[in-house]
Amino acid sequence: MAAPGRPRAQSHTTSAPCASCHGQVIDPSGLFLRPDLHLDGRVQLDAGIACTSCHGQPPATGAHGAHGGASATGRALACIECHTTPSLLTDAGHLYLADGRLDPAPAEVTFGSLAALTPAGNTRAAPPSWDRTRCANVYCHGATLGDPRASATQPAWVAGTLGCTSCHGAPPASHTTTLPCGSCHAEVVTGSTTIRSPALHIDGVVETGDAAASCTGCHGSTQGPAPPRDLTGHTEASAPGVGMHQSHLQSGRGLMGTFACSSCHVVPASVGAAGHLDRTDGAEVVFSGTAVADGAAATYRRDRATCANVYCHGNGAVLSQDTAPGLDRTPSWTTVGAATCGRCHGLPPQNGRHPAATFTQCVSCHPRTVDGFANILVTGPAGARTSLHMNGVVDVGP
Numbered sequence: 327m328a329a330p331g332r333p334r335a336q337s338h339t340t341s342a343p344c345a346s347c348h349g350q351v352i353d354p355s356g357l358f359l360r361p362d363l364h365l366d367g368r369v370q371l372d373a374g375i376a377c378t379s380c381h382g383q384p385p386a387t388g389a390h391g392a393h394g395g396a397s398a399t400g401r402a403l404a405c406i407e408c409h410t411t412p413s414l415l416t417d418a419g420h421l422y423l424a425d426g427r428l429d430p431a432p433a434e435v436t437f438g439s440l441a442a443l444t445p446a447g448n449t450r451a452a453p454p455s456w457d458r459t460r461c462a463n464v465y466c467h468g469a470t471l472g473d474p475r476a477s478a479t480q481p482a483w484v485a486g487t488l489g490c491t492s493c494h495g496a497p498p499a500s501h502t503t504t505l506p507c508g509s510c511h512a513e514v515v516t517g518s519t520t521i522r523s524p525a526l527h528i529d530g531v532v533e534t535g536d537a538a539a540s541c542t543g544c545h546g547s548t549q550g551p552a553p554p555r556d557l558t559g560h561t562e563a564s565a566p567g568v569g570m571h572q573s574h575l576q577s578g579r580g581l582m583g584t585f586a587c588s589s590c591h592v593v594p595a596s597v598g599a600a601g602h603l604d605r606t607d608g609a610e611v612v613f614s615g616t617a618v619a620d621g622a623a624a625t626y627r628r629d630r631a632t633c634a635n636v637y638c639h640g641n642g643a644v645l646s647q648d649t650a651p652g653l654d655r656t657p658s659w660t661t662v663g664a665a666t667c668g669r670c671h672g673l674p675p676q677n678g679r680h681p682a683a684t685f686t687q688c689v690s691c692h693p694r695t696v697d698g699f700a701n702i703l704v705t706g707p708a709g710a711r712t713s714l715h716m717n718g719v720v721d722v723g724p
């Protein structure tokens, strides 16, 4: 019995002979091989039918081509990143409903791991979603970067071109440097606009481990990684990100040796170390070393830009006993000249251990810390100066 023609159902996208997919029912010439399998309530499909029998790979609709093929800005995405991919054409949920009838609905969007990714330190407003017009809250379009400079984090599903500023600013809002992107992301970018390794772009990892990346790419200067320049580009001491960094690193008006960065911050082993590049506001202050010597419970008030209970400003079990007038143990981080003699302890300290004497007599008990004129003994080159003053130990004798 010959088929009366080749009807093309609405669900079909191909004009290939019926036998290409229904070979067990009909032959290439149009003759029914198994009339009993025709009009039996099921669509008989041959095993091993390729995806491209019904649609392209990727399909040639909407932005499939931009996602399914490698481009100058990113790698080709696997179908499973947006759809549950069947192993066989006849798998449940692909073409058929649970009762065996042909599913008339378009392909369902079920996002995979890339779209749902939330990099460490970032936040996600809601799970990734698709309203049959636009994607929203997907990692691959910058939703988890939180960059207000991005122009198209919810792109329409149409063929088109997205640029660098669609998913993040150029540079992103979290960046303060005007250096070319390749200065810190040389594995991915050449200059500021050319993606050299599409496979490493939009891959869920911020690539900063190349040799070109260094601390001074984002803060500090050619003299070292400590501000000025802070993460917001400021160079004035009144900016919290700048403050008294240099006073602590350049012997603070001759009052001390050089403080290690680790006294106030967790210093990463590399630019890309966990916890370093994150979405928190500014650098975290985590006191250690000299700042917490002698039991000092050091804290930092970001809202006031002040330190409190730090050993280096007169706290700790011994120094905090001093009740001399004029002490300032919660110094301003953004006011030049806040740390001077007599602000951390009295001259001499009033703690019951010092006689009523002039400060020039300090050398009598602390000859390794001060000279006969009460000048603090600080030695060594800039950036590596040492002193027994503010080192965590009260030096007495010999």
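Take the sequence shown: its letter number 303 is residue 629 in the working numbering, and every next letter is one higher. Even for Gly, the Cβ is constructed at its ideal location relative to N, Cα and C.
With DSSP as the reference, label residue i as helix, strand or coil.
i                 : result
phenylalanine 358 : strand
isoleucine 375    : coil
cysteine 633      : strand
valine 719        : coil
serine 729        : In the structure as shown, the chain starts at 327 and stops at 724, and residue 729 therefore has no counterpart that could be examined.
serine 646        : helix
valine 618        : helix
proline 724       : coil
isoleucine 406    : helix
aspartate 550     : One point to set straight first is that residue 550 is glycine, not aspartate, in the sequence displayed. Here glycine 550 sits in strand by DSSP.
threonine 542     : helix
arginine 332      : With a pLDDT of 46 at arginine 332, under the threshold of 50, the modelled position of that residue is not reliable, and the figure given next carries that caveat. It is coil, neither helix nor strand.
If you follow the beta strand (DSSP E) that residue i is part of, which residue opens it and which one closes it?
i             : result
threonine 625 : 625-627
Cβ-heavy atom distance between residue i and the ligand FMN below 8 Å?
i           : result
proline 430 : As far as ligands go, the structure on display features none, and thus does not contain the ligand FMN.
Measure the alpha-carbon distance for residue i versus residue j and round it to whole angstroms.
i                 : j              : result
valine 689        : histidine 560  : 41 Å
alanine 404       : valine 484     : 19 Å
proline 657       : proline 553    : 19 Å
alanine 537       : glutamate 513  : Summary for alanine 537: the model assigns pLDDT 49, below 50, so the residue's position carries little reliability, and this model does not support an answer.
histidine 390     : proline 384    : 6 Å
valine 369        : arginine 427   : 8 Å
alanine 398       : glycine 486    : 14 Å
cysteine 670      : methionine 582 : 13 Å
proline 724       : alanine 499    : 56 Å
glycine 580       : threonine 534  : 38 Å
glycine 550       : threonine 542  : 7 Å
arginine 360      : proline 343    : 16 Å
glycine 367       : aspartate 425  : 11 Å
leucine 363       : serine 413     : 24 Å
alanine 431       : leucine 423    : 10 Å
histidine 715     : serine 573     : 15 Å
phenylalanine 358 : leucine 371    : 14 Å
aspartate 556     : serine 564     : 11 Å
alanine 609       : histidine 591  : 8 Å
alanine 725       : cysteine 408   : Outside the modelled stretch of the chain, which goes from 327 to 724, sits residue 725, for which no answer is possible.
histidine 602     : valine 593     : 8 Å
glycine 621       : alanine 643    : 6 Å
arginine 522      : serine 509     : 13 Å
threonine 558     : glycine 615    : 27 Å
valine 611        : glycine 678    : 34 Å
threonine 519     : valine 531     : 19 Å
glycine 668       : threonine 705  : 22 Å
valine 568        : glutamine 576  : 14 Å
proline 524       : threonine 666  : 55 Å
glycine 489       : serine 588     : 40 Å
Could you spell out where the alpha helix (DSSP H) holding residue i opens and where it closes?
i             : result
serine 346    : 345-348
histidine 390 : 390-394
Check the C-beta distance from residue i over to residue j and give it rounded, since I have them as a contact under 8 Å.
i             : j              : result
glycine 468   : cysteine 493   : 3 Å
alanine 482   : arginine 460   : 5 Å
glycine 727   : alanine 619    : Nothing can be reported for residue 727: it is not among the residues displayed for the chain, which extend from 327 to 724.
cysteine 466  : isoleucine 528 : 5 Å
alanine 650   : proline 675    : 6 Å
threonine 298 : proline 453    : For the chain, the structure presents residues 327 to 724; residue 298 sits outside this window and is missing.
valine 662    : cysteine 691   : About 31 Å; that fails the 8 Å criterion.
alanine 631   : proline 566    : 5 Å
Would you say residue i lies against chain E (beta-carbon separation less than 9 Å)?
i           : result
glycine 698 : Here chain E cannot be found, since the structure has a single protein chain.
Of all the alpha helix (DSSP H) runs that stay within the bounds of the segment 481-516, which reach a length of 4 or more residues? Unbroken alpha helix (DSSP H) stretches of 4 residues or longer found wholly inside the segment 481-516: 490-493, given in chain order.
Which parts of the segment 556-607 are runs of the alpha helix (DSSP H), unbroken and 4 residues or longer, counting only runs that do not cross its ends? Runs of the alpha helix (DSSP H) lying entirely within the segment 556-607 and spanning at least 4 residues, in chain order: 571-575.
In chain order, which beta strand (DSSP E) runs of at least 3 residues are fully inside the segment 411-485? Qualifying beta strand (DSSP E) stretches: none in this window.
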